[in-house]
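Enquirer: Here's a structure for you.
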Amino acid sequence: MGEAINVISLDTLVALLAGIIIFPACFTYNLEVNSGPSLLFDTMATVFNNMPGGRIWGSLFFLFMVFAAMSTVLGVCENILAMIRDLTGWSRRKGSLVCGIVVFVLALTTALGFSVLHFQPFAEGTTWLDFWDFIVSTNVLPLGSLVLALFCCNKFGWGWDNFIKEANTGVGMKVRSWMKPIFKYVVPSAIAFIYVYGLVTFKWR
(Lines of atoms letter the chains of each structure in order from A and count residues from 1; the text may use other names and numbers.)
(Lines give C-alpha, C1' and ligand atoms only; values in the text may rest on other atoms or scores of the structure.)
Protein backbone atom coordinates (compact mmCIF):
# COMPACT_ATOMS: atom_id res chain seq x y z
CA MET A 1 0.00 0.00 0.00
CA GLY A 2 2.75 2.43 0.92
CA GLU A 3 4.76 1.63 -2.20
CA ALA A 4 1.67 2.13 -4.34
CA ILE A 5 1.15 5.60 -2.86
CA ASN A 6 4.82 6.46 -3.38
CA VAL A 7 4.69 5.40 -7.02
CA ILE A 8 1.48 7.33 -7.65
CA SER A 9 2.81 10.46 -5.93
CA LEU A 10 6.21 10.47 -7.68
CA ASP A 11 4.69 9.63 -11.08
CA THR A 12 2.14 12.43 -10.77
CA LEU A 13 4.84 14.90 -9.67
CA VAL A 14 7.07 14.02 -12.62
CA ALA A 15 4.12 14.28 -15.03
CA LEU A 16 3.21 17.72 -13.71
CA LEU A 17 6.81 18.94 -13.98
CA ALA A 18 7.04 17.58 -17.52
CA GLY A 19 3.82 19.36 -18.43
CA ILE A 20 5.08 22.63 -16.97
CA ILE A 21 8.15 22.35 -19.22
CA ILE A 22 6.71 20.88 -22.42
CA PHE A 23 3.36 22.62 -22.94
CA PRO A 24 4.60 26.22 -22.61
CA ALA A 25 7.36 25.27 -25.06
CA CYS A 26 4.74 23.94 -27.49
CA PHE A 27 2.87 27.24 -27.49
CA THR A 28 6.10 29.23 -27.70
CA TYR A 29 7.33 27.40 -30.81
CA ASN A 30 3.87 26.68 -32.32
CA LEU A 31 4.07 22.91 -31.91
CA GLU A 32 1.11 20.55 -31.70
CA VAL A 33 0.30 19.81 -28.06
CA ASN A 34 -1.57 16.60 -28.93
CA SER A 35 1.03 15.01 -31.19
CA GLY A 36 1.28 11.89 -29.00
CA PRO A 37 4.49 9.98 -28.20
CA SER A 38 6.58 12.18 -30.50
CA LEU A 39 5.71 15.25 -28.42
CA LEU A 40 8.71 14.83 -26.11
CA PHE A 41 11.22 14.51 -28.94
CA ASP A 42 9.81 17.29 -31.11
CA THR A 43 9.32 19.77 -28.29
CA MET A 44 12.51 19.22 -26.34
CA ALA A 45 14.65 19.12 -29.48
CA THR A 46 13.22 22.51 -30.46
CA VAL A 47 13.80 23.89 -26.98
CA PHE A 48 17.44 22.78 -26.93
CA ASN A 49 18.01 24.19 -30.42
CA ASN A 50 16.94 27.61 -29.16
CA MET A 51 18.92 27.81 -25.92
CA PRO A 52 22.61 28.53 -25.20
CA GLY A 53 24.58 25.32 -24.92
CA GLY A 54 21.55 23.45 -26.20
CA ARG A 55 23.54 20.73 -27.90
CA ILE A 56 25.29 19.82 -24.67
CA TRP A 57 22.16 19.91 -22.53
CA GLY A 58 20.15 18.18 -25.24
CA SER A 59 22.70 15.39 -25.54
CA LEU A 60 22.67 14.85 -21.77
CA PHE A 61 18.88 14.97 -21.66
CA PHE A 62 18.38 12.31 -24.33
CA LEU A 63 21.21 10.23 -22.89
CA PHE A 64 19.38 10.14 -19.57
CA MET A 65 16.19 9.31 -21.49
CA VAL A 66 18.01 6.26 -22.87
CA PHE A 67 18.95 5.17 -19.34
CA ALA A 68 15.36 5.66 -18.16
CA ALA A 69 14.00 3.72 -21.13
CA MET A 70 16.49 0.89 -20.69
CA SER A 71 15.67 0.46 -17.00
CA THR A 72 11.96 0.33 -17.84
CA VAL A 73 12.49 -2.10 -20.72
CA LEU A 74 14.56 -4.41 -18.54
CA GLY A 75 11.82 -4.45 -15.91
CA VAL A 76 9.13 -5.19 -18.49
CA CYS A 77 11.19 -7.82 -20.31
CA GLU A 78 11.92 -9.62 -17.05
CA ASN A 79 8.18 -10.20 -16.59
CA ILE A 80 7.82 -11.45 -20.17
CA LEU A 81 10.79 -13.76 -19.71
CA ALA A 82 9.41 -15.13 -16.45
CA MET A 83 6.06 -15.88 -18.11
CA ILE A 84 7.68 -17.59 -21.11
CA ARG A 85 9.87 -19.73 -18.87
CA ASP A 86 6.89 -20.74 -16.73
CA LEU A 87 4.89 -21.74 -19.81
CA THR A 88 7.67 -23.54 -21.69
CA GLY A 89 10.16 -24.67 -19.06
CA TRP A 90 13.01 -23.10 -21.06
CA SER A 91 16.30 -22.10 -19.47
CA ARG A 92 16.93 -18.44 -18.79
CA ARG A 93 19.47 -18.27 -21.63
CA LYS A 94 17.12 -19.79 -24.22
CA GLY A 95 14.17 -17.71 -23.05
CA SER A 96 16.24 -14.52 -23.14
CA LEU A 97 17.44 -15.30 -26.66
CA VAL A 98 13.97 -15.99 -28.05
CA CYS A 99 12.36 -13.02 -26.28
CA GLY A 100 15.23 -10.77 -27.35
CA ILE A 101 14.82 -11.72 -31.01
CA VAL A 102 11.05 -11.17 -30.95
CA VAL A 103 11.35 -7.82 -29.18
CA PHE A 104 14.11 -6.73 -31.58
CA VAL A 105 11.99 -7.56 -34.64
CA LEU A 106 8.99 -5.71 -33.23
CA ALA A 107 11.20 -2.73 -32.31
CA LEU A 108 12.40 -2.49 -35.92
CA THR A 109 8.94 -1.35 -36.93
CA THR A 110 9.33 1.74 -34.76
CA ALA A 111 12.99 2.35 -35.63
CA LEU A 112 12.29 2.16 -39.37
CA GLY A 113 8.74 3.51 -39.20
CA PHE A 114 9.74 6.91 -40.56
CA SER A 115 11.49 5.51 -43.63
CA VAL A 116 11.56 1.93 -44.91
CA LEU A 117 8.57 0.63 -42.97
CA HIS A 118 6.38 3.71 -43.33
CA PHE A 119 2.95 3.05 -41.84
CA GLN A 120 0.12 5.47 -41.04
CA PRO A 121 -2.38 3.57 -38.87
CA PHE A 122 -4.61 6.40 -37.69
CA ALA A 123 -4.72 10.14 -38.32
CA GLU A 124 -2.41 11.81 -40.79
CA GLY A 125 1.18 11.85 -39.60
CA THR A 126 0.87 8.86 -37.24
CA THR A 127 3.48 6.09 -37.34
CA TRP A 128 4.30 2.67 -35.93
CA LEU A 129 5.13 4.39 -32.63
CA ASP A 130 1.55 5.66 -32.40
CA PHE A 131 0.24 2.21 -33.27
CA TRP A 132 2.19 0.46 -30.50
CA ASP A 133 1.30 3.24 -28.08
CA PHE A 134 -2.38 2.65 -28.91
CA ILE A 135 -2.03 -1.10 -28.40
CA VAL A 136 -0.20 -0.79 -25.08
CA SER A 137 -1.35 2.46 -23.46
CA THR A 138 -4.95 2.56 -24.70
CA ASN A 139 -5.73 -1.15 -24.55
CA VAL A 140 -3.29 -3.49 -22.79
CA LEU A 141 -2.60 -1.38 -19.70
CA PRO A 142 -6.21 -0.50 -18.77
CA LEU A 143 -7.58 -3.94 -19.69
CA GLY A 144 -4.77 -5.65 -17.80
CA SER A 145 -5.44 -3.45 -14.78
CA LEU A 146 -9.16 -4.24 -14.99
CA VAL A 147 -8.55 -7.99 -15.14
CA LEU A 148 -6.10 -7.76 -12.24
CA ALA A 149 -8.52 -5.71 -10.11
CA LEU A 150 -11.39 -8.14 -10.75
CA PHE A 151 -9.18 -11.20 -10.23
CA CYS A 152 -7.75 -10.01 -6.90
CA CYS A 153 -10.97 -9.05 -5.18
CA ASN A 154 -13.55 -11.62 -6.31
CA LYS A 155 -14.23 -15.27 -5.51
CA PHE A 156 -13.79 -16.34 -9.15
CA GLY A 157 -10.17 -15.18 -8.86
CA TRP A 158 -7.71 -14.82 -6.03
CA GLY A 159 -10.28 -13.64 -3.51
CA TRP A 160 -10.25 -10.69 -1.11
CA ASP A 161 -8.77 -12.57 1.85
CA ASN A 162 -5.81 -13.89 -0.16
CA PHE A 163 -5.32 -10.47 -1.71
CA ILE A 164 -5.04 -8.52 1.55
CA LYS A 165 -2.88 -11.26 3.07
CA GLU A 166 -0.38 -10.86 0.25
CA ALA A 167 -0.70 -7.06 0.02
CA ASN A 168 -0.16 -6.61 3.76
CA THR A 169 3.02 -8.69 3.91
CA GLY A 170 5.92 -6.74 5.40
CA VAL A 171 6.00 -3.34 7.06
CA GLY A 172 4.30 -0.10 6.13
CA MET A 173 0.72 0.89 5.35
CA LYS A 174 -1.87 -1.88 5.21
CA VAL A 175 -4.97 -2.53 3.16
CA ARG A 176 -7.93 -2.32 5.55
CA SER A 177 -11.07 -4.45 5.44
CA TRP A 178 -13.29 -1.37 4.98
CA MET A 179 -11.52 -0.73 1.67
CA LYS A 180 -13.08 -3.84 0.11
CA PRO A 181 -15.95 -1.98 -1.67
CA ILE A 182 -13.41 0.50 -3.08
CA PHE A 183 -11.17 -2.23 -4.51
CA LYS A 184 -14.09 -4.42 -5.62
CA TYR A 185 -16.39 -1.83 -7.22
CA VAL A 186 -14.91 1.67 -7.41
CA VAL A 187 -11.50 0.73 -8.83
CA PRO A 188 -12.83 -1.55 -11.63
CA SER A 189 -15.50 1.02 -12.53
CA ALA A 190 -12.91 3.79 -12.72
CA ILE A 191 -10.60 1.67 -14.89
CA ALA A 192 -13.48 0.70 -17.20
CA PHE A 193 -14.44 4.37 -17.56
CA ILE A 194 -10.86 5.35 -18.39
CA TYR A 195 -10.66 2.61 -21.02
CA VAL A 196 -13.94 3.52 -22.72
CA TYR A 197 -13.13 7.24 -22.53
CA GLY A 198 -9.76 6.58 -24.17
CA LEU A 199 -11.39 4.75 -27.06
CA VAL A 200 -14.13 7.37 -27.52
CA THR A 201 -11.76 10.33 -27.54
CA PHE A 202 -9.02 8.62 -29.58
CA LYS A 203 -8.27 10.33 -32.87
CA TRP A 204 -8.83 7.50 -35.29
CA ARG A 205 -8.73 9.69 -38.40
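Numbering-wise, the working numbering comes out as the position in the sequence shown, counting from 1, plus 931.
Think of the CB as a built atom: it goes at the ideal place given N, C-alpha and C, for glycine as much as any other residue.
All figures in this text were calculated on a predicted structure; none of them were measured in a lab.
What does a CB cutoff of less than 7 Å around L1074 pick up in its chain, not counting 5 residues either side in sequence?
Expert: Answer for L1074: Y1126, listed in chain order.
Enquirer: Near C957, which residues of its chain fall below 8 Å by C-beta distance, leaving aside the five closest residues on each side in sequence?
Expert: For C957, where only same-chain residues beyond five positions count, the Cβ hits under 8 Å are E963, V964, L970 and T974.
Enquirer: Given a threshold of 16 other Cβ atoms within 10 Å of its Cβ, counted over all protein chains shown, does L1060 qualify as buried or as exposed?
Expert: Looking at its Cβ environment, which holds 16 or more other Cβ atoms inside 10 Å, L1060 is buried.
Enquirer: Grab the span of the alpha helix (DSSP H) containing V1106 for me, first residue to last.
Expert: Neither: V1106 is in no alpha helix (DSSP H) and is coded neither H nor E.
Enquirer: Do K1134 and F1053 count as a contact pair if the criterion is CB distance below 9 Å?
Expert: Result yes, Cβ atoms of F1053 and K1134 sit closer than 9 Å.
Enquirer: In angstroms with no decimal places, state the Cα-to-Cα distance between G1020 and V1033.
Expert: Their backbone Cα atoms lie some 18 Å apart in a straight line.
Enquirer: Are the segment 1111 to 1121 and the segment 1075 to 1088 in contact at 8 Å, needing three or more beta carbon pairs?
Expert: At 8 Å Cβ cutoff, the stretches touch.
Enquirer: Taking the alpha helix (DSSP H) that Y1126 falls in, what are its first and last residues?
Expert: V1118 to T1132 is the span of the alpha helix (DSSP H), which, as asked, contains Y1126.
Enquirer: Go through its chain and collect everything with a Cβ distance to N1099's Cβ below 7 Å, but skip five positions before and after it.
Expert: If we look at N1099 and ignore the five residues flanking it on each side, its Cβ neighbours are K1105 and V1106.
Enquirer: Leaving out five residues before and five after G1015 in sequence, what residues of the same chain have Cβ atoms less than 8 Å from its Cβ?
Expert: The sequence shown places Ile at residue 1015, rather than the Gly named in the question. W1021, G1026, V1029 and C1030.
Enquirer: If we require 4 or more residues per run, which alpha helix (DSSP H) segments fall completely within the segment 1044 to 1086?
Expert: Complete alpha helix (DSSP H) runs here, min 4: 1059 to 1064 and 1072 to 1084.
Enquirer: Could you tell me which uninterrupted alpha helix (DSSP H) segments, each at least 4 residues in length, are contained entirely in the segment 1017 to 1044, listed from first to last along the chain?
Expert: Correct list: 1023 to 1042.
Enquirer: So what's R1136 in DSSP terms, helix, strand or just coil?
Expert: If DSSP states are grouped into helix, strand and coil, R1136 belongs with coil.
Enquirer: Just checking my contact of M932 with G1103 at CB under 8 Å: how many whole Å lie between their CB atoms?
Expert: Correct: roughly 7 Å between the Cβ atoms.
Enquirer: Cα-Cα, which of A976, I939, S940 and E934 is closest to I952?
Expert: Closest option to I952, Cα to Cα, is A976.
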